[in-house]
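Report on one structure; see the data block that follows.
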Amino acid sequence: MDLAELLNPAAKTHNVFNSTDKDIYQAVMDAKAAREANSEGNSDEVNGGPVEPGPTRNDTLQAALVVGKYIKDFDDPFMCKLESMLGLLGKRTRVLEMHTMNDTKLNGYFEHK
(Lines of atoms letter the chains of each structure in order from A; the text may use other names.)
(Lines give C-alpha, C1' and ligand atoms only; values in the text may rest on other atoms or scores of the structure.)
Protein backbone atom coordinates (compact mmCIF):
# COMPACT_ATOMS: atom_id res chain seq x y z
CA MET A 419 0.00 0.00 0.00
CA ASP A 420 1.45 3.36 -0.99
CA LEU A 421 1.03 6.79 0.56
CA ALA A 422 -1.64 7.90 -1.92
CA GLU A 423 -3.89 4.97 -0.97
CA LEU A 424 -3.48 5.75 2.74
CA LEU A 425 -4.32 9.41 2.28
CA ASN A 426 -7.16 8.83 -0.20
CA PRO A 427 -8.91 5.51 0.45
CA ALA A 428 -10.73 4.16 -2.58
CA ALA A 429 -14.09 4.12 -0.80
CA LYS A 430 -13.91 7.85 -0.12
CA THR A 431 -12.52 9.19 -3.37
CA HIS A 432 -14.77 10.78 -5.94
CA ASN A 433 -13.95 10.45 -9.57
CA VAL A 434 -14.33 14.01 -10.80
CA PHE A 435 -13.42 13.07 -14.33
CA ASN A 436 -16.65 11.09 -14.78
CA SER A 437 -18.84 13.89 -13.42
CA THR A 438 -21.20 15.46 -15.87
CA ASP A 439 -22.05 19.13 -16.10
CA LYS A 440 -25.44 18.31 -14.62
CA ASP A 441 -23.81 16.67 -11.55
CA ILE A 442 -21.53 19.66 -11.01
CA TYR A 443 -24.44 22.09 -11.40
CA GLN A 444 -26.54 20.15 -8.89
CA ALA A 445 -23.70 20.07 -6.34
CA VAL A 446 -23.19 23.83 -6.66
CA MET A 447 -26.91 24.55 -6.32
CA ASP A 448 -27.17 22.30 -3.23
CA ALA A 449 -24.23 24.11 -1.63
CA LYS A 450 -25.79 27.48 -2.46
CA ALA A 451 -29.14 26.48 -0.94
CA ALA A 452 -27.44 25.25 2.23
CA ARG A 453 -25.43 28.48 2.54
CA GLU A 454 -28.56 30.62 2.09
CA ALA A 455 -30.45 28.58 4.68
CA ASN A 456 -27.61 29.10 7.16
CA SER A 457 -27.44 32.83 6.51
CA GLU A 458 -31.19 33.21 7.12
CA GLY A 459 -30.91 31.68 10.57
CA ASN A 460 -32.47 28.34 9.65
CA SER A 461 -29.38 26.40 10.63
CA ASP A 462 -31.51 24.09 12.81
CA GLU A 463 -33.27 22.76 9.72
CA VAL A 464 -30.00 22.18 7.89
CA ASN A 465 -28.37 20.39 10.83
CA GLY A 466 -31.33 18.08 11.30
CA GLY A 467 -33.04 19.25 14.46
CA PRO A 468 -33.50 21.88 17.11
CA VAL A 469 -30.62 22.88 19.32
CA GLU A 470 -30.95 21.89 22.97
CA PRO A 471 -30.77 24.77 25.46
CA GLY A 472 -27.58 25.09 27.47
CA PRO A 473 -27.34 24.38 31.19
CA THR A 474 -28.89 26.86 33.58
CA ARG A 475 -26.87 29.06 35.91
CA ASN A 476 -27.85 26.85 38.83
CA ASP A 477 -26.68 23.68 37.04
CA THR A 478 -23.38 25.35 36.18
CA LEU A 479 -22.78 26.48 39.75
CA GLN A 480 -23.62 23.00 41.04
CA ALA A 481 -20.98 21.55 38.71
CA ALA A 482 -18.47 24.20 39.83
CA LEU A 483 -19.20 23.29 43.45
CA VAL A 484 -18.50 19.61 42.78
CA VAL A 485 -15.23 20.45 41.01
CA GLY A 486 -14.31 22.80 43.86
CA LYS A 487 -14.85 20.04 46.43
CA TYR A 488 -12.63 17.73 44.40
CA ILE A 489 -9.71 20.13 43.99
CA LYS A 490 -9.70 21.69 47.47
CA ASP A 491 -7.28 19.05 48.84
CA PHE A 492 -4.67 19.49 46.10
CA ASP A 493 -1.67 21.68 46.88
CA ASP A 494 -0.86 22.79 43.35
CA PRO A 495 -0.67 26.34 41.93
CA PHE A 496 -2.91 25.39 39.02
CA MET A 497 -5.55 23.94 41.35
CA CYS A 498 -5.45 27.08 43.52
CA LYS A 499 -5.98 29.24 40.45
CA LEU A 500 -8.80 26.99 39.26
CA GLU A 501 -10.47 27.25 42.66
CA SER A 502 -10.35 31.04 42.53
CA MET A 503 -11.68 31.01 38.95
CA LEU A 504 -14.60 28.84 40.03
CA GLY A 505 -15.36 31.37 42.76
CA LEU A 506 -15.30 34.16 40.20
CA LEU A 507 -17.64 32.15 37.98
CA GLY A 508 -20.41 32.51 40.54
CA LYS A 509 -19.88 36.25 40.87
CA ARG A 510 -19.59 36.83 37.13
CA THR A 511 -22.71 34.85 36.27
CA ARG A 512 -24.63 36.82 38.92
CA VAL A 513 -23.50 40.11 37.35
CA LEU A 514 -24.44 38.91 33.86
CA GLU A 515 -27.83 37.77 35.14
CA MET A 516 -28.44 41.17 36.75
CA HIS A 517 -27.60 42.96 33.48
CA THR A 518 -30.27 40.99 31.63
CA MET A 519 -33.01 42.00 34.10
CA ASN A 520 -35.51 44.69 33.17
CA ASP A 521 -36.13 47.73 35.34
CA THR A 522 -39.57 47.87 36.94
CA LYS A 523 -41.47 50.52 38.84
CA LEU A 524 -42.53 49.95 42.42
CA ASN A 525 -46.17 50.77 41.72
CA GLY A 526 -46.26 48.13 38.99
CA TYR A 527 -46.69 45.44 41.64
CA PHE A 528 -49.80 46.91 43.26
CA GLU A 529 -53.35 47.08 41.96
CA HIS A 530 -54.88 50.49 41.31
CA LYS A 531 -58.27 50.99 42.98
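Residues 419 to 531 (the working numbering) are what the sequence shown spells out, left to right. A virtual CB, placed ideally from N, CA and C, is assigned to each residue, including glycine.
I need the straight-line Cα distance from residue i to residue j, nearest angstrom please.
| i | j | result |
| --- | --- | --- |
| T511 | D521 | 19 Å |
| G472 | T438 | 45 Å |
| F496 | A455 | 44 Å |
Using C-beta distances below 8 Å, list every residue in its chain close to residue i, excluding the 5 sequence neighbours before and after it, in chain order.
| i | result |
| --- | --- |
| L479 | L507, G508 and T511 |
Could you say which of the options lies nearest to residue i if we only look at CA atoms?
| i | options | result |
| --- | --- | --- |
| V513 | R475, L483, P471 and I442 | R475 |
Note down, in chain order, each residue of its chain lying with its Cβ closer than 7 Å to the Cβ of residue i, except the 5 sequence neighbours on either side.
| i | result |
| --- | --- |
| V485 | L504 |
| L500 | I489 |
Quick check on residue i: does DSSP put it in helix, strand or coil?
| i | result |
| --- | --- |
| P495 | helix |
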